[in-house]
Structure formats: C-alpha cells, structure tokens
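Residue numbers (the UniProt record's numbering): 1 to 104.
Here it is in structure tokens:
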C-alpha cells in the first residue's frame, strides 16, 4: 500500500519528464559539533524545474520534520508526485504518507 502511494526513484532511473518529483534533505545548523540542540533546515527541491521549498525546524524530532514535510506538500503550488528523502529515521515515512497521501 505505501509503495503504491508514492513513487520511489532509484539512482539509475532517468530524470522525471515533468515537475513534481522532489529530493529532500535536512541541513544541521550546529557549527563544528553535533552536541546539544540546534536548528535544522528541511529542503525539498524539484529535480526537474528546480523549485525549492525550505523550512527551518527546531531540531530533528519527528514532530518537527513531519510538520515541515506536510507544510511542503501543502504549500508547493503544484502536485508533489514523488519524494526521495534521505532522512535517517524512515519510521516517520508511514505517518507522513498517511497524512499527506490518504489511501484511495
């Protein structure tokens, strides 16, 4: 069910012909160390047309990352057709998919 909800792209796949497929990443704003709490920025970039959505979050907690992902899907002015996201904790993805792409 989840696999059919969103397209998963492999490194060997061709670039999408149209807009809507995004690469996602988080950037840590921590200086020279990962100790302590610090802000992160979530970036979603459309691989075809270069549209970028950026949202700063308090830290790497699920609730903040999930909130930023939801905001991106709803604020990007066209349909998000796919997402390649290297967020280390993939347990968040089922909740994200269920909240942004309800089962049909």
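Note that beta-carbon positions come from the ideal geometry of N, C-alpha and C, so glycine has one too.
Assuming residue i contacts residue j (C-beta within less than 8 angstroms), just tell me the rounded distance between them.
{"i": "residue 27", "j": "residue 41", "result": "5 angstroms"}
Cα separation between residue i and residue j?
{"i": "residue 60", "j": "residue 17", "result": "32 angstroms"}
{"i": "residue 82", "j": "residue 67", "result": "18 angstroms"}
{"i": "residue 36", "j": "residue 57", "result": "15 angstroms"}
{"i": "residue 78", "j": "residue 72", "result": "11 angstroms"}
{"i": "residue 62", "j": "residue 69", "result": "10 angstroms"}
{"i": "residue 74", "j": "residue 43", "result": "14 angstroms"}
{"i": "residue 39", "j": "residue 76", "result": "22 angstroms"}
{"i": "residue 31", "j": "residue 80", "result": "32 angstroms"}
{"i": "residue 65", "j": "residue 29", "result": "15 angstroms"}
{"i": "residue 19", "j": "residue 25", "result": "18 angstroms"}
Does the Cβ of residue i have 16 or more other Cβ atoms within 10 Å, making it buried, or fewer, making it exposed?
{"i": "residue 34", "result": "exposed"}
{"i": "residue 50", "result": "exposed"}
Opposite residue i in the DSSP bridges: which residues?
{"i": "residue 52", "result": "45"}
{"i": "residue 40", "result": "28 and 57"}
With distances taken between CB atoms, is the gap from residue i to residue j smaller than 8 angstroms?
{"i": "residue 45", "j": "residue 23", "result": "yes"}
{"i": "residue 47", "j": "residue 21", "result": "yes"}
Does the CB of residue i have a neighbour CB from chain C at under 8 angstroms?
{"i": "residue 62", "result": "Of the protein chains in the structure, only one exists, and it is not chain C."}
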